[in-house]
Ligand SMILES: [Zn+2]
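Here it is as structure tokens:
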């Protein structure tokens, strides 16, 4: 386990650096990221996969059946190709409703990973609208801090605060967790009883990345079973613009746009939610990263 911890710490640090711009609207940091972020992440992924299989799967158990769904009643075998569009750092009353308008227009569903401290009476109304449309509300912590620097109690409080608020407004607790800055360590895996979700991104928290570049990056990476990581930060209108091409093009290619729960369901996979150090970018991935 020591070896895993070491790998996680290193991975956590590297990934923290790579994702330092995530949530830049509240952290204020962004300018130093390279345009190569996605490929760099893949390199990290490959390196992390070197953790021996018998160690990396230690602790896997089957107590994760609690992931429920609100997707249309159909069998997993009735799905074709699926992709989950996901949006971090909301909810808000500016960008989030624009994302929802597009989902409505194209008959698509998506998932939001919300920050607890962004939930107020006004933004909660938007969140409720999303939930009632069949979208999924998931957990992106309370304060969007580096949780790999927190103790277990503080980590649990971050998660509980947001899950409780989501449940208060939608009637359902959060089911998946996306770590702020994708910064993780073993204490987080031990303390958070939800599958960890990453995704393929396009640096869409950076103002200088144009809508066209976002479209190109998302479309060239898109594969069956993928999770796409985007942001509905308050003024991220370039991502809204990009979605006007991304959504219909993915549908044209035969992808059904579903929630994260539905993605795993469609693939017949129960995501790991115990202390196994695993974080998903594709629902069918075999490696831990
Ligand atoms: Zn974030």
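Numbering (my numbering), first residue to last: 232 to 520.
A virtual CB, placed ideally from N, CA and C, is assigned to each residue, including glycine.
Pick from the options: whose alpha carbon is nearest that of residue i?
i	options	result
residue 433	427, 420, 423 and 451	451
residue 424	357, 360, 319 and 510	510
residue 395	364, 460 and 368	368
residue 456	480, 431 and 354	431
residue 437	373, 475, 347 and 466	466
residue 348	333, 374 and 359	374
residue 440	453, 462 and 454	462
residue 481	382, 337 and 357	337
Can you tell me whether residue i is buried or exposed? The criterion is at least 16 other CB atoms within 10 Å of its CB, across all chains shown.
i	result
residue 402	exposed
residue 501	exposed
residue 477	buried
residue 522	The question about residue 522 has no answer here: the residues shown for the chain are numbered 232 through 520.
residue 389	buried
residue 469	buried
residue 487	buried
residue 339	buried
residue 304	exposed
residue 364	exposed
residue 370	buried
residue 324	exposed
For the alpha helix (DSSP H) holding residue i, just list the boundary residues, first then last.
i	result
residue 369	Run containing residue 369: none in the alpha helix (DSSP H); it sits in the beta strand (DSSP E), 367 to 370.
residue 397	383 to 401
residue 354	352 to 363
residue 327	326 to 337
List the endpoints of the continuous beta strand (DSSP E) containing residue i.
i	result
residue 435	Here residue 435 belongs to no beta strand (DSSP E), and DSSP marks it neither H nor E.
residue 415	Neither: residue 415 is in no beta strand (DSSP E) and is coded neither H nor E.
residue 314	312 to 319
Under 8 Å by Cβ, that's how I've got residue i and residue j pegged, so tell me the actual separation to the nearest angstrom.
i	j	result
residue 317	residue 420	Contact doesn't hold; Cβ gap of about 20 Å is too wide.
residue 307	residue 491	That belief does not hold up - the Cβ atoms of residue 307 and residue 491 are roughly 15 Å apart, past 8 Å.
residue 328	residue 377	So it is not a contact: roughly 30 Å between Cβ atoms.
residue 473	residue 310	At roughly 25 Å, the Cβ-Cβ gap does not stay under 8 Å, so residue 473 and residue 310 are not in contact.
residue 422	residue 386	4 Å
residue 344	residue 445	No, residue 344 and residue 445 are not in contact; Cβ-Cβ is about 18 Å, not under 8 Å.
residue 459	residue 449	6 Å
| request: Write down every uninterrupted run of the beta strand (DSSP E) in the segment 475 to 509 whose length is 3 residues or greater and which is fully enclosed by it, in chain order. | output: 486 to 488
| Contained alpha helix (DSSP H) runs [length at least 4] in the segment 421 to 459, N- to C-terminal order | Look at the segment 421 to 459 and you find these whole runs of alpha helix (DSSP H), each 4 residues long or longer: 442 to 452.
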